[in-house]
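Participant: Below is the structure I would like to discuss, written out as structure tokens.
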Amino acid sequence: MEINTACDCFSALSQASRLEVLKRLVRAGPRGEAAGAIAEGLGVPAPTMSFHLKELERAGMIASRREGRRVIYAADYGGIRGLVDFLLADCCAGDRRLCGPYVIKEQAS
Numbered sequence: 013m014e015i016n017t018a019c020d021c022f023s024a025l026s027q028a029s030r031l032e033v034l035k036r037l038v039r040a041g042p043r044g045e046a047a048g049a050i051a052e053g054l055g056v057p058a059p060t061m062s063f064h065l066k067e068l069e070r071a072g073m074i075a076s077r078r079e080g081r082r083v084i085y086a087a088d089y090g091g092i093r094g095l096v097d098f099l100l101a102d103c104c105a106g107d108r109r110l111c112g113p114y115v116i117k118e119q120a121s
């Protein structure tokens, strides 16, 4: 992940409602959740939630799909993993044992 992409991710996650949305969608798993249910569950007006969802999707943290008239959002685990990999790429002065159970993907040479 490039540093500018990581900055976009952090920008999207720097707002409390968006961070709550991402946590909720991570818990929901691949099946995701309808936009309306997310808004209702977090007590956020639908137009505001729509804005937050678009920001998270633009940053690559979530993805959407249509199911009839509903838009379902789900965590984009590849995007999330990319951000975590970016953060831990140079973890612990190169001593991978200190990163605990998290396994960092090898960087392409």
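Just remember that my numbering sits 12 ahead of the position in the sequence shown, which is counted from 1.
All C-beta atoms, glycine included, are put in the ideal place defined by N, C-alpha and C.
1. Taking its Cβ as the centre, do 16 or more other Cβ atoms sit within 10 Å of Arg30, making it buried, or is it exposed?
2. Would you check if the distance between the CB atom of Gly44 and the CB atom of Leu54 is smaller than 8 Å?
3. Beta-carbon within less than 7 Å of Glu69's beta-carbon, same chain only, minus the 5 sequence neighbours each way: which residues are those?
4. Pick out the complete beta strand (DSSP E) segments inside the stretch 41-107, 3 residues or longer, and give them in chain order.
5. Please go through the same chain and pick out, in chain order, the residues whose beta-carbon is closer than 6 Å to the beta-carbon of Gly94, but skip the five residues on each side of it.
6. Label Cys21 either buried or exposed according to how many other C-beta atoms from any shown protein chain fall within 10 Å of its C-beta, with 16 as the threshold for buried.
7. How many angstroms separate the CA atom of Tyr89 from the CA atom of Gly80?
8. Please work out which residues of its chain come closer than 6 Å, Cβ to Cβ, to Ile84, disregarding the five sequence neighbours upstream and downstream, and give them in chain order.
9. Could you tell me the distance, in whole angstroms, from the CA atom of Ile92 to the CA atom of Thr60?
10. Identify whether Glu152 lies in helix, strand or coil by the three-state DSSP scheme.
Facilitator: Based on what the coordinates show:
1. By the 10 Å Cβ count, Arg30 comes out buried.
2. No, they are not a contact pair.
3. Only Ala75, Ser76 meet the Cβ criterion.
4. 74-79, 82-87
5. Met13
6. buried
7. 24 Å
8. Correct list, in chain order: Gly44, Ala46, Arg77.
9. 23 Å
10. Outside the displayed span of the chain (13 to 121) sits residue 152, for which this structure offers no information.
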